[in-house]
Amino acid sequence: MKLFVLAALFAFAAANDRIIGGTLTRPGDLPYIANLRQNGYQFCGGTVVNEMWVVSAAHCWVKANRMQVFVGDYDLSVVETTEQSQVPDNAIKHPQYNSHTLVNDIMLIKMKTPFNMDSYVKAAPLPAQGAGPSVGTECEVCGWGNINTAVTDYPDQPYCVDKIYVIDIDVCNQANSYDGEILDGMICIGDMAGGRDSCQGDSGGPVTCQGILQGIVSWGYGCAVKNYPGVYTEVAYFRNWMDTTMANN
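When you line the sequence shown up against mature numbering (1 follows the signal peptide of the UniProt record, and there is no 0), it's residues -15 to -1, 1 to 234, in that order.
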């Protein structure tokens, strides 16, 4: 099918996406990024919303007591003095999430104790409800996902792809592209020529546009394939749901 989701290596369904054509980041470059792990393995990304909440993709959902959330982390292969981790209190999928169409592919993860917000752990700025990026806006996607379309190559440090752009939904829904599969709450970001994209392992991670969290890595056909840019959950479409969910939980 079309997902950045891979069948689980363990007894969970891990959603996995990608960084193709990106550059290696430096420690502290991405204070808002989180990674989700199970049994010691990173399976999805996320974004710090505030000291108690991380947002990710609903297709990354596993029971809260079966995951660990890491923030302030850079190199997955070592324990760093900057990193913080905990087993969360709750993982809340959007109630209308559909695993077949990937509509409403968003999840909020509540911590048991607040993060210590410092120079390595910061909340990402969020858009207002309905204030999504306009067509042509330059964006950046980051994560620990696969960096090679030819072989499986998961880095220990996060990569980012910049100079990807918001693409008109009508263009992405053309017959030679996603042919009508881009639905409400989804946003198309990338390069129709291919070559630059997220990939397996990036699912749930952040897409920022002009410094604001505008997308969550969701799905696509392959990685960096011509006419098939990445499809992301549009954060601005779900801002009210996020605020209500956090207030009520």
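We put the beta carbon where it would ideally sit given N, CA and C, even for glycine. Just so it is clear, the structure is predicted and the values come from calculations on it, not from any experiment.
*asked:* Going by DSSP, what residue range makes up the beta strand (DSSP E) through residue 155?
replied: Stepping through the sequence shown from its first residue, residue 155 is reached at position 170. Premise fails: residue 155 lies in the alpha helix (DSSP H), 154 to 157, not in any beta strand (DSSP E).
*Between the C-alpha atoms of residue 75 and residue 96, what's the straight-line distance to the nearest angstrom?*
Locating residue 75 in the sequence shown gives position 90, where the first residue counts as 1. Locating residue 96 in the sequence shown gives position 111, where the first residue counts as 1. Between residue 75 and residue 96, the C-alpha separation is close to 7 Å.
*Give the range of the beta strand (DSSP E) segment to which residue 218 is assigned.*
The residue labelled residue 218 in the question sits at position 233 within the sequence shown. 215 to 219 is the span of the beta strand (DSSP E), which, as asked, contains residue 218.
*Sequence-distant residues of the same chain with beta carbon closer than 6 Å to residue 10, five excluded per side*: Here residue 10 corresponds to residue number 25 of the sequence shown, with the count starting at 1. 143 and 145.
*The alpha helix (DSSP H) with residue 226 in it runs from where to where?*
In the sequence shown, the residue the question calls residue 226 occupies position 241. Its alpha helix (DSSP H) spans residues 224 to 233.
_Can you tell me whether residue 26 is buried or exposed? The criterion is at least 16 other CB atoms within 10 Å of its CB, across all chains shown._
Position 41 of the sequence shown, counting from 1, holds the residue named residue 26. Exposed, because fewer than 16 other Cβ atoms sit within 10 Å of the Cβ of residue 26.
*asked:* So, with DSSP's three-state summary, where would you put residue 113?
replied: Position 128 of the sequence shown holds residue 113. The answer is coil: DSSP assigns residue 113 none of H, G, I, E or B.
*Given a threshold of 16 other Cβ atoms within 10 Å of its Cβ, counted over all protein chains shown, does residue 99 qualify as buried or as exposed?*
Numbered from its first residue, the sequence shown carries residue 99 at position 114. Residue 99 should be labelled exposed.
*CA nearest to the CA of residue 155, picked from 165, 42 and 215*: One-based indexing of the sequence shown puts residue 155 at position 170. Nearest of 165, 42 and 215 to residue 155, Cα basis: 165.
*Exposed or buried, which one is residue 109 when buried takes at least 16 other CB atoms within 10 Å?*
Counted from its first residue, the sequence shown places residue 109 at position 124. With 16 or more Cβ atoms within 10 Å of its Cβ, residue 109 is classed as buried.
_So, under 8 Å CB-CB, residue 115 and residue 202 are touching, yes? Tell me the CB distance rounded to an integer number of Å._
Stepping through the sequence shown from its first residue, residue 115 is reached at position 130. Stepping through the sequence shown from its first residue, residue 202 is reached at position 217. Between residue 115 and residue 202 a beta carbon distance of about 21 Å is seen, past the 8 Å cut, so the two are scored as non-contacting.
*Any beta strand (DSSP E) of 3 or more consecutive residues that is wholly inside the segment 12 to 38*: Within the segment 12 to 38, the complete beta strand (DSSP E) runs of at least 3 residues are 18 to 23 and 26 to 35.
*Is the Cβ-Cβ distance between residue 33 and residue 107 less than 8 Å?*
As a first step, residue 33 must be located in the sequence shown, where it is residue number 48. As a first step, residue 107 must be located in the sequence shown, where it is residue number 122. Annotated as proximal: residue 33 and residue 107, with beta-carbon spacing under 8 Å.
*Within 10 angstroms of its Cβ, does residue 160 collect 16 or more other Cβ (buried), or is it exposed?*
For the purposes of this step, residue 160 is identified with residue 175 of the sequence shown, where counting begins at 1. Flag for residue 160 reads exposed.
*To the nearest angstrom, how far is it from the Cα of residue 205 to the Cα of residue 47?*
Locating residue 205 in the sequence shown gives position 220, where the first residue counts as 1. Locating residue 47 in the sequence shown gives position 62, where the first residue counts as 1. Near 21 Å, if we compare the C-alpha coordinates of residue 47 and residue 205.
*Quick one: Cα of residue 81 to Cα of residue 139, how far?*
Locating residue 81 in the sequence shown gives position 96, counting from the first residue. Locating residue 139 in the sequence shown gives position 154, counting from the first residue. Rounded to the nearest angstrom, the two C-alpha atoms are 32 Å apart.
*Does the distance from the C-beta atom of residue 21 to that of residue 45 stay below 8 Å?*
Locating residue 21 in the sequence shown gives position 36, counting from the first residue. Locating residue 45 in the sequence shown gives position 60, counting from the first residue. Less than 8 Å separates the beta-carbon of residue 21 from that of residue 45.
*At a cut of 8 Å, does the segment 188 to 203 reach the segment 216 to 225 through at least three beta carbon pairs?*
Flag = yes, the segment 188 to 203 and the segment 216 to 225 touch.
*asked:* Measuring straight from C-alpha to C-alpha, what distance separates residue 36 and residue 173?
replied: Numbered from 1 along the sequence shown, position 51 holds the residue referred to as residue 36. Numbered from 1 along the sequence shown, position 188 holds the residue referred to as residue 173. Between residue 36 and residue 173, the C-alpha separation is close to 29 Å.
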